[in-house]
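K.L.:
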Amino acid sequence: CNYFFADFYFGEDIAQADFVHYPEERWFPAGASLHPELLDDAKLREFYFPEAHGDVPGLIDLNSGNADRGICALPLTRVADARTIWFPVNLIGNLYVSNGMSAGNNRFEARVQALSEILERAAKFTIIREQICLPDIPEQVIGQFPLIRQGIEELRASGFGILVKDASLGGRFPVVNITLLNPRDQGCYASFGAHPRFEIALERALTELLQGRALDKLDGFPPPDLDTEAVSSAQNLETHFIDSSGVIGWRFLHKQADHEFTPWDFSGDSETEFNTLCGLIHALGHDIYIADLEHLGVYVCRILVPELSEIYPADDLVWENNNEGLVFRERILTLQQLTPGECAALLDELASGGYDEQYPIAQLIGIAPEPGTLWEELRLGELKTLLAIRAERTDEILDGCDWLTMFAQINPQRLQIYRCIAALLQLDEPENYLPGLQKLFDEKTLQSARDLLDHKTPFLGLESPGTSLKGFELHGKLIQALRKLRAVM
28 CNYFFADFYF GEDIAQADFV HYPEERWFPA GASLHPELLD DAKLREFYFP
78 EAHGDVPGLI DLNSGNADRG ICALPLTRVA DARTIWFPVN LIGNLYVSNG
128 MSAGNNRFEA RVQALSEILE RAAKFTIIRE QICLPDIPEQ VIGQFPLIRQ
178 GIEELRASGF GILVKDASLG GRFPVVNITL LNPRDQGCYA SFGAHPRFEI
228 ALERALTELL QGRALDKLDG FPPPDLDTEA VSSAQNLETH FIDSSGVIGW
278 RFLHKQADHE FTPWDFSGDS ETEFNTLCGL IHALGHDIYI ADLEHLGVYV
328 CRILVPELSE IYPADDLVWE NNNEGLVFRE RILTLQQLTP GECAALLDEL
378 ASGGYDEQYP IAQLIGIAPE PGTLWEELRL GELKTLLAIR AERTDEILDG
428 CDWLTMFAQI NPQRLQIYRC IAALLQLDEP ENYLPGLQKL FDEKTLQSAR
478 DLLDHKTPFL GLESPGTSLK GFELHGKLIQ ALRKLRAVM
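First residue of the sequence shown? That's 28 in this note's numbering, and the numbers climb one at a time after it.
(1) Whose C-alpha, out of LEU245, GLY247 and SER272, is nearest the C-alpha of VAL258?
(2) Restricting to runs no shorter than 3 residues, where is the beta strand (DSSP E) found entirely within the segment 127-181?
(3) Evaluate contact between the segment 317-334 and the segment 150-167, counting only Cβ atoms and requiring at least three cross-stretch pairs below 8 Å.
(4) Compute the distance between the beta-carbons of ASN117 and ILE87, then report whether it is under 8 Å.
(5) If you scan the segment 353-379 from start to end, which runs of the alpha helix (DSSP H) of 4 or more residues do you find wholly inside it?
(6) Using only the alpha-carbon positions, how far apart do SER60 and PRO290 sit?
(7) Considering only their Cβ atoms, is the gap separating ILE437 from ALA476 smaller than 8 Å?
(8) Find out if the Cβ-Cβ distance for the pair PRO251, LEU207 is shorter than 8 Å.
(9) Expressed to the nearest angstrom, what Euclidean distance is found between the alpha-carbon atoms of ASN7 and HIS313?
(10) In or out: LYS192 buried (at least 16 other Cβ within 10 Å) or exposed?
(11) Spatial neighbours of HIS361 within its chain, please: CB distance less than 7 Å, with the 5 preceding and 5 following residues excluded, ordered by chain position.
(12) Could you say which of LEU236, HIS222, ASP469 and CYS160 lies nearest to ILE179 if we only look at CA atoms?
(13) Would DSSP call ASP243 helix, strand or coil?
(14) Touch check for the segment 382-391 and the segment 415-426: three-plus C-beta pairs under 8 Å?
(15) Quick one: give me the first and last residue of the beta strand (DSSP E) that GLY220 is part of.
(16) Quickly, what does DSSP pair TRP54 with across the bridge? List them, please.
(17) Expressed to the nearest angstrom, what Euclidean distance is found between the alpha-carbon atoms of PHE468 and ARG513?
(18) Out of curiosity, what's the CA-to-CA distance linking THR472 and ALA450?
(19) If you compare alpha carbons, which of TYR49, TYR123 and LEU264 is closest to GLU334?
(20) Would you mind reading off the limits of the beta strand (DSSP E) that contains GLY188?
(21) Look up GLU321 in the DSSP assignment and give the residues it is bridged to.
(22) Work out the CA separation of LEU182 and GLY170 for me, nearest whole Å.
(23) In the segment 446-495, which residue ranges form an unbroken alpha helix (DSSP H) of at least 4 residues, counting only runs that do not cross its ends?
(24) In angstroms, rounded to a whole number, what distance separates the CA positions of ALA137 and GLY131?
(25) Identify every residue that forms a DSSP beta bridge with PHE114.
(26) With DSSP run on the structure shown, which of helix, strand or coil describes ARG406?
(27) With DSSP run on the structure shown, which of helix, strand or coil describes TYR123?
(28) Among all the DSSP beta bridges, which residues are the ones paired with PRO387?
(29) Does DSSP classify VAL258 as helix, strand or coil?
(30) Go ahead and pull the three-state DSSP assignment for LEU207.
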């Protein structure tokens, strides 16, 4: 349940509470090297931090931002030997996001669903990345499941090319693929489904393909691509994880399959199916780590399979960590109180961070902004421009105004203010050009630009709520919902 809140700051009170994420959590000192009990396994440490040489990146979780308290970790049990390993919340959130999370009517049903999802995405990523051509599932096999066959035939009757493929890669994965080829726009959409029971895997591949869409909503997917680098890229695989709308390589459609069709079915009761899936994963050389939870009478679990179930690469802990905004959060939330020197320092830090100028500031610091406010629209490039104005750094102000003009995706009235600021700064004596300026910009825009440059309305009057987030009603409602959830943990 907590995953719903994974991208947001929980506030000062929860950050200091008995627990932040789950009652089972432990806190470890943050330092240049990992505490001995954190990820207490040489293989895990080598995988997550291969070049650390004893030093590790900051693993403070985004939600608490409590560096003084340290690193929050959760206990997961290794299936192979029932050993408990403490995994940092930050690591789990950055690399695995929602992969391997599931619920069920009992503990083993939840586990089977989570492992099926992990194996589905592992097979899917391998097939797309390596552009493997899959074997057809024979029609007589599909015919054993009349309702599924009917759905496939209805799609074909509507003019779509439908390929039904065995994605088990020789029986290693309980995965099925159904690919839609659209003659209207040459789009190609590959859907995957996984489950120990072949029928359920096939059904899931079909339902994933449709996802509640009407037939006229199956347009707009990209055509097959010959660019092997683009198809195999991490960005394309991420797109496939998010909504399966990434690119598929032409090699996937070759008539000669890279594997033979392998009949498979691992049906059994939930515990038997769980043990079977564990056996498949262990045969691939991977360990399985499980956290079982029961919440409001519902069985849920989180499963990690290091080196198999990651959605993002391990080096994201260093280069793309979702906690990168923590060092800026308090200052950004107190902009109006910063001195010009502090604004200059913050500007330098943001400029040296290598961040995308389009990065939403609310996302950077984990805030749910009020709709229609500057906080909702504010991007890194605009914040840097406002900081440069406060620090009176002309070159950077002009660079920022140029970027905002090219970006253009901000409130039109605000964009006019930045254009006016650029004009005022580039004119030697602006007062001598006042008649022209008054014809180019309305009185309100001209006055707003002057007030901003004269520090009468720093940051365009942007509210500075501080870390208490006073006045952020939407974020406050989010935290209220979290408190209700925590009350029954």
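In this text, a Cβ means the ideal position worked out from N, Cα and C, and glycines have one as well.
As the structure is a computational prediction, the values presented were derived from the model and not from experiment.
P.N.:
To lay it out plainly:
(1) Of the listed residues, the one whose Cα sits closest to VAL258 is SER272.
(2) 128-131
(3) Touching, no.
(4) yes
(5) Scanning the segment 353-379 for uninterrupted alpha helix (DSSP H) segments of 4 residues or longer gives 353-359 and 367-379, listed from N- to C-terminal end.
(6) 49 Å
(7) no
(8) no
(9) Any property of residue 7 remains undetermined from this structure, which presents the chain solely from 28 to 516.
(10) buried
(11) The displayed chain sequence assigns Thr, not His, to residue 361. Excluding positions up to five away in sequence, the list reads SER491 and GLY493.
(12) LEU236
(13) helix
(14) no
(15) 214-221
(16) CYS99, per the DSSP bridge assignment.
(17) 53 Å
(18) Looking at the two C-alpha atoms, the distance is approximately 12 Å.
(19) TYR123
(20) 188-193
(21) Looking at the DSSP output, GLU321 shares a beta bridge with TYR326.
(22) 16 Å
(23) 461-467 and 470-480
(24) A direct Cα-to-Cα measurement between ALA137 and GLY131 gives close to 4 Å.
(25) LEU101
(26) strand
(27) If DSSP states are grouped into helix, strand and coil, TYR123 belongs with coil.
(28) By DSSP's assignment, PRO387 forms a beta bridge with ARG406.
(29) helix
(30) strand
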